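Numbered per my numbering, the sequence shown spans residues 59 to 566.
Using N, Cα and C, we set each Cβ at its ideal position, and we do this for glycine too.
Computed from a prediction, not measured in an experiment: that's the story for all the values here.
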Amino acid sequence: MKLNNNICLIGLLSVGLHSCKAEQEKVQTPNVIYVFPDQYRNHAMGFWRQEGFREHVNFKGDPVVTPNLDKFARESVVLTSAQSNCPLSSPHRGMLLSGMYPNKSGVSLNCNSVRIISSLREDLTCIGDVYKQAGYDCAYFGKWHADCPAPHKEDVRKVIWDTYTPKERRHGFDHWYSYGVFDDHKNPHYWDTEGVKHEPHEWSPLHEASKVVSYLKNENNVRDTDKPFFIMVGMNPPHHPYKSLDDCMEEDFLIYKDKPLDSLLIRPNVDFSMKKTKESRYYFAAVTGVDRAFGQILETLDELGLSDNTIVVFASDHGETMCSQGVGDPKNSPFTESMNIPFLVRYPKVLKPHVDDLLLSTPDIMPTLLGLSGLEEQIPAGLQGINYASIFIDPNTKVVKRPESAIYIRNSEGDKNEQGQVVTYFPEARGIKTVQYTLAFYIDKKEHKLVRSYLFDDLNDPYQLNNLPLDENKEIVESLCKQMGRELTNIEDPWSKEKILSDFIRYE
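Structure follows, in structure tokens:
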């Protein structure tokens, strides 16, 4: 009898220990929040002007007020050189969600109902799918812009850019509060999980932050609190328009309202003859507003005791040239201010804060996040992105080789069918970015001949003021073209398949 009691006691202890272990494993599974405001310059974060950060970059940080990001940076791994390989909204989102380059993600162009060639493939296992399969509660808030707009019963107009995303296209996100594309920042609209349209009449980043806060607090019992959560927040500002108080909060605009333009646009590559320079005050006001919205999410994590076990990322889909080089297009170019994006990762239980020059490409984000979440075994086979989680944990690790370059991609519309729909895309430009150089080639549509090139020495010319002649820098061009050919071949890019500019590029 005594023996039986001992056996019972051992059994109870075993069950108890197993229960504790299960609870411990449950607690150790990290939550994940990925916040990515659209068109947010890497330069537009106040900490780049502060000690501990400014010595890591060779550019002047914009004079912006971002107190929450400044504090967050000191708690995070901060990348100086994260790249948006195709610096345009939809192609970036396709790469981010799928871990694949545009030729594989299905998103080659900015998505609208005319460009039927460009839409996130439904057959891919995307980041939300993996987290859901791993037992996460997955939620998406804000701008989606990753697929061809689908008709919806509440939207009787001819859809071009914006509409509801059907459930079968959401790739694992069970909680939904989103839209495709809509640039009326103070009059946004959203479709919820069941397709009901909401028009909150509130500046969109603050509204989205309030919805994330509500989700975290589970105010409407919409998430399973026994599960970890994966949240993506696609804020639209500081994406244009940024021309008036309709586009930002007045309290934020007042910070910049009376500042001379040359005290805001402090870079030597700014073309002050552009009318857009006057709009910079509204852009920077939107930046400060986004910082405040981000701060509300961080504050809620603190209040709920979730900060230590939550991976929080602040990033963007592409940069904003803001009058650099006199170009009107703020994105979609190989210029540093277009490709270089913010990328900050905070995970107090695992990551030690530091600044790193890792050349992270967009397709690398999905596998790296999964790696940091302890889900490296669930990373889909055949993914083009690489898991660099070990470098975030230990910058000196030899587990994975650091990338030496990042590819630049620009596509434009190709052929159209009888209905005027775009059914192919034209691979207009390709390039490569290394620690020191940027090289890009543009071709003509008819004969695929070289029509324009850029070659910049980014270490010695950080504002890319001097486009170096190719024929005077043959050894540099040859080395870069060899790297470019290898990378384009690896990702099975159209340039590699068609051997475009093979007199320059060595395809392997």
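| What are the residues that DSSP puts in a beta bridge with Asn89? | Thr368
| Neighbourhood of Asp561 by C-beta distance below 6 Å, restricted to the same chain and skipping five residues each side | none
| query | What did DSSP end up calling Asp515 once you bin it into helix, strand or coil? | reply | strand
| 6 Å Cβ shell around Cys184 - same chain, five flanking residues per side excluded | Leu155, Ser156 and His229
| Between Ile444 and Asp422, what straight-line distance do the alpha-carbon atoms span, to the nearest angstrom? | 5 Å
| query | Is Ala344 closer than 7 Å to Cys381 when the C-beta atoms are compared? | reply | no
| 6 Å Cβ shell around Arg107 - same chain, five flanking residues per side excluded | Gly119
| task | For Gly489, write down the residues that DSSP places opposite it in a beta bridge. | result | Tyr466 and Ala498
| task | May I ask you to verify whether the segment 345 to 364 touches the segment 406 to 420, counting CB pairs closer than 8 Å and requiring at least 3? | result | no
| request: Return the residue from the list Glu545, Asn294, Gln522 and Leu523 that minimises the CA-CA distance to Ser262. | output: Asn294
| field | Residues near Leu67 by beta carbon distance below 6 Å, same chain, minus five either side | value | A caution first: Leu67 carries a pLDDT of 37, below 50, which makes its placement in the model too unreliable to give a value.
| the segment 192 to 208 touching the segment 169 to 181, judged by at least three CB pairs closer than 8 Å | yes
| task | Identify the continuous alpha helix (DSSP H) that holds His150 and give its terminal residues. | result | Ser147 to Ser156
| Can you tell me the Cα-Cα spacing of Tyr512 and Ala102, whole angstroms? | 25 Å
| task | Kindly indicate which residue of Asp232, Gln97 and Val90 has the alpha-carbon position closest to the one of Pro400. | result | Gln97
| By the 10 Å Cβ neighbour count, where 16 or more other Cβ atoms means buried, how is Leu517 classified, buried or exposed? | exposed
| field | From Phe287, Glu257 and Phe240, residue whose alpha carbon lies closest to that of His233 | value | Phe287
| Would you call Asn245 buried or exposed, if buried means 16 or more other Cβ atoms sit within 10 Å of its Cβ? | exposed
| query | Are the C-beta atoms of Ser272 and some chain C residue less than 7 Å apart? | reply | In the structure shown, chain C does not exist; there is a single protein chain.
| query | Per the contact definition of three or more C-beta pairs closer than 8 Å, is the segment 123 to 134 in contact with the segment 324 to 332? | reply | no
| Chain-order list of residues whose beta-carbon lies under 6 Å from that of Val122 (same chain, five-residue window excluded) | Ala102, Gly104, Phe342 and Val345
| Does the Cβ of Thr223 have 16 or more other Cβ atoms within 10 Å, making it buried, or fewer, making it exposed? | buried
| What number of angstroms, rounded off, separates the C-alpha of Glu312 from the C-alpha of Pro95? | A quick correction: the sequence has Leu, not Glu, at residue 312. Cα to Cα, the separation comes out at about 21 Å.
| said: Can you confirm whether the segment 155 to 172 touches the segment 430 to 449 when touching is taken to mean that 3 or more C-beta pairs between the two stretches lie within less than 8 Å? | reply: yes
| field | Three-pair Cβ contact test at 8 Å for the segment 485 to 497 versus the segment 390 to 406 | value | yes
| request: Output yes or no for whether 7 Å exceeds the beta carbon distance between Leu416 and Phe372. | output: no
| In three-state DSSP terms, what is Ile451? | helix
| task | Go ahead and pull the three-state DSSP assignment for Asn398. | result | strand
| query | Once you ignore the five residues that flank Lys555 on each side, which residues in its own chain have a CB closer than 7 Å to its CB? | reply | none
| field | Spatial neighbours of Ser463 in its chain, beta-carbon cut-off 6 Å, leaving aside the 5 residues before and after | value | Ile490, Thr492 and Gln541
| Roughly how many whole angstroms lie between the Cα atoms of Asp316 and Leu428? | 45 Å
| Host beta strand (DSSP E) of His233 (start-end) | His233 to Tyr237
| Can you name the start and end residues of the beta strand (DSSP E) that Asp250 belongs to? | Tyr248 to Asp250
| query | Under a three-way DSSP split, which group does Val214 fall into? | reply | Residue placement at Val214 is poorly supported in this model, since its pLDDT is 45, which falls under 50; the coordinates are not used for a value here.
| message | Can you tell me whether Met290 is helix, strand or coil according to DSSP? | response | strand
| said: Give me the residue from Lys269, Leu433 and Ala197 with the minimum Cα distance to Asp282. | reply: Ala197
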